[in-house]
Structures are given as C-alpha cells and as structure tokens.
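The number in our numbering is simply the position in the sequence shown, starting from 1, with 96 added.
The C-beta atom is built at its ideal place from N, Cα and C for all residues, glycine as well.
First up is the structure itself, then whatever we jot down about it.
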Amino acid sequence: MHVDGQTLSPDETEYNVTTVNNQIQIIVSYKGRQSSNPAVHLEVSIPNNIALTIETDSASIAVREYTGELEAASVSGNILVEDVYGDITMRSNRGDAIVQNSAGTISMVGNYGLLILDNARGHIGVSTIMGNVVFNGSILMGDDVRLETDHGSVSVHLSANSALGIQVRSTSGDVVCMMPHAVSSTRTCDRETNSGGGRLSIRTVSGAVTVQLLP
C-alpha cells in the first residue's frame, strides 16, 4: 500500500495510521477553517482484491481501476467510482454518486443527491428518497437493474443493443416509455423479452420516469 497527499494547513491536520485485526486504518481529521479548495487531498494505492472501506463527512471520494470489495460512504461529499469490478456499495446522504464503466454487484443508496450510472453492468440496486436517478448504457443477458426513488425522477437511456424486460410502476409520477414492444400507460410500462435477456425494474412514488433508447 502507498499513501500520498497534501494539506493546506499541516498544523491543523491530524493524520493517523493503525493496524488492527489485520486491517489498516487511515484516519485524517482537519480542524481548520473551511475554504472553496479541499483542505486535505489524500491518495491511497492498494492491490486488488483487498476489502476497501472509505468513509467521509464532507470530503469527496474517487476510486479508480480497482477490483474487489468496495464500500464508500459520505455524508455530504460526492462519490465517483470508475473502472471498478466486484462488490460495490455506495452511500451518500446529500452528495452525488457516480458509477462509470464498472460491473459487479452494485448498491447505491442516497437521500438528496444525484445518482448516476454510466455503462454499469451486473446486479444493480439504486435507492433514494429525494434524489434523481440516471442510467445510461446497455442492459443485457445476466443484468438485473432495480431503480427506486420516492420523489425524485428516473431517466434511463438504453443502448440500441440492449435486450431486456421492463417493469415500471409509479404511484403518481408520469411515466414515458419510448421502447419498442412496450405496453405503457401514464403510470406503468411493461415489456417482455426472450429468455436470457436482462431485467429493468423501476419504482417511484411521485417521481417522473423516462425510458428510451439512445440515438
């Protein structure tokens, strides 16, 4: 493991590395004044297939080119996961969470921020209360994508090569389903597929839903 970084105020930054129960724990605490620039920038390089957990209050998180078990959580910071493969868990209360070019078992949970999936594959579950959800990419054989939001919107833009069944349900939100062979109403959308295709399930309370093919 390699750790590097920088801070605007070394005298107001506490940095501690400990080893407990075969785990390496890195804790960074900044007690100085907040500014528009990040007060602390930390870079950690680790081998693949080592369980990685990152938790922050307001700091943003970015994880790139990693294979293994990842858990990333932030109260108000943004989370970016890019080129990651494995078990991915992301939790963000007020920040945005983005997954790009990744695959595996992906869980995204939010409250108010934007949740985006760009070219994500596998078993995917997304849940938020007020946040909007955006999915861009393909859904193919073996993929199972579940998108849920109470009061935010859901926008799905599918690649032309997608092969999937669709089920959309909304209590009071408008549903626009521009997919071939789909049966839709203002609150629902259903589409069957041949055996072996992927699956897309969407549920909202009052949030609007749009499902369409990418041009």
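- Query: If you follow the beta strand (DSSP E) that His-253 is part of, which residue opens it and which one closes it?
  - Reply: By one-based count along the sequence shown, residue 253 stands at place 157. Run containing His-253: 250-254, per the beta strand (DSSP E) assignment.
From Val-272 to Ser-266, what does the alpha carbon distance come to, in whole angstroms? Numbered from 1 along the sequence shown, position 176 holds the residue referred to as residue 272. Numbered from 1 along the sequence shown, position 170 holds the residue referred to as residue 266. Distance between the alpha carbons of Val-272 and Ser-266 is about 11 Å.
Roughly how many angstroms lie between the CA atoms of Glu-151 and Met-186, to the nearest whole one? Here residue 151 corresponds to residue number 55 of the sequence shown, with the count starting at 1. Here residue 186 corresponds to residue number 90 of the sequence shown, with the count starting at 1. Glu-151 and Met-186 have their C-alpha atoms some 10 Å from each other.
For Glu-108, which of helix, strand or coil comes out of DSSP? Locating residue 108 in the sequence shown gives position 12, counting from the first residue. Three-state result, Glu-108: helix.
Exercise for review: Could you work out which residue in Thr-109, Thr-163, Pro-276 and Gly-269 is closest to Arg-283 when comparing CA atoms only?
Suggested key: As a working note, residue 283 is residue 187 in the sequence shown. Among Thr-109, Thr-163, Pro-276 and Gly-269, the Cα nearest to that of Arg-283 is on Gly-269.
### Message
So the candidates are Val-230, Val-241, Leu-210 and Ile-298; which of them puts its Cα closest to the Cα of Gly-218?
### Response
Position 122 of the sequence shown, counted from the first residue, corresponds to residue 218. Comparing Cα-Cα distances from Gly-218 to each of Val-230, Val-241, Leu-210 and Ile-298, the minimum goes to Val-241.
Going by other Cβ atoms of all chains shown within 10 Å of its Cβ, with 16 needed for buried, is Asn-228 buried or exposed?
The residue labelled residue 228 in the question sits at position 132 within the sequence shown. Classification for Asn-228: buried.
Review point. When the Cβ atoms of the region 288-304 are set against those of the region 249-266, are three or more pairs found closer than 8 Å?
Key: yes
* To do: Have a look at Ile-142 and His-98 and give me their C-alpha separation to the nearest angstrom.
  => Indexing the sequence shown from 1 puts residue 142 at position 46. Indexing the sequence shown from 1 puts residue 98 at position 2. For Ile-142 and His-98, the distance between alpha carbons rounds to 7 Å.
Are the Cβ atoms of Ile-122 and Val-140 separated by less than 8 Å? Locating residue 122 in the sequence shown gives position 26, where the first residue counts as 1. Locating residue 140 in the sequence shown gives position 44, where the first residue counts as 1. In contact: Ile-122 and Val-140 (Cβ atoms closer than 8 Å).
Host beta strand (DSSP E) of Ile-194 (start-end):
Along the sequence shown, read from residue 1 onward, the residue named residue 194 stands at position 98. Segment 193-206, the beta strand (DSSP E) holding Ile-194.
Notebook entry, point to check: Is Thr-289 near Ala-256, with beta carbons less than 8 Å apart?
Noted result: Within the sequence shown, the letter at position 193 stands for residue 289. Within the sequence shown, the letter at position 160 stands for residue 256. No.
In angstroms with no decimal places, state the Cα-to-Cα distance between Thr-306 and Val-180. Counting from one through the sequence shown, the residue named residue 306 turns up at place 210. Counting from one through the sequence shown, the residue named residue 180 turns up at place 84. Spanning the two alpha carbons is a distance of roughly 27 Å.
Note to self: Quick check: what's the CA-CA separation for Leu-213 versus Ser-125?
What the structure shows: Taking the first residue of the sequence shown as position 1, residue 213 is located at position 117. Taking the first residue of the sequence shown as position 1, residue 125 is located at position 29. Taken atom to atom, the span from the alpha-carbon of Leu-213 to that of Ser-125 is near 30 Å.
| Any beta strand (DSSP E) of 3 or more consecutive residues that is wholly inside the region 210-282 | 211-224, 229-233, 240-245, 250-254, 260-266 and 271-274
Alpha-carbon to alpha-carbon, Leu-210 and Val-177:
As a first step, residue 177 is located in the sequence shown; it is residue number 81 there, counting from the start. As a first step, residue 210 is located in the sequence shown; it is residue number 114 there, counting from the start. Taking the straight line joining both Cα atoms gives about 14 Å.
Requested in this report: Could you round the C-beta distance between Ile-202 and Gly-294 to whole angstroms and report it? I think they count as a contact, below 8 Å.
Outcome: The count along the sequence shown starts at 1 and reaches residue 202 at position 106. The count along the sequence shown starts at 1 and reaches residue 294 at position 198. About 14 Å separates the two Cβ atoms, so there is no contact after all.
| field | Nonlocal neighbours in the same chain, by C-beta distance under 8 Å from Leu-310, ignoring five residues either side | value | Numbered from its first residue, the sequence shown carries residue 310 at position 214. Result list for Leu-310: Asn-232, His-253, Leu-254, Ser-255 and Ala-256, in chain order.
Worksheet item: Relative to the C-alpha of Leu-48, which residue among Leu-166, Ile-157, Thr-149 and Ser-188 is closest?
Response: For residue 48 there is no data in the structure shown, the boundaries of the chain being 97 and 311.
- Task: Name, in chain order, the residues that DSSP records as bridge partners for Met-186.
- Result: Here the question's residue 186 lines up with position 90 in the sequence shown. Bridge partners of Met-186: Ala-168 and Met-204.
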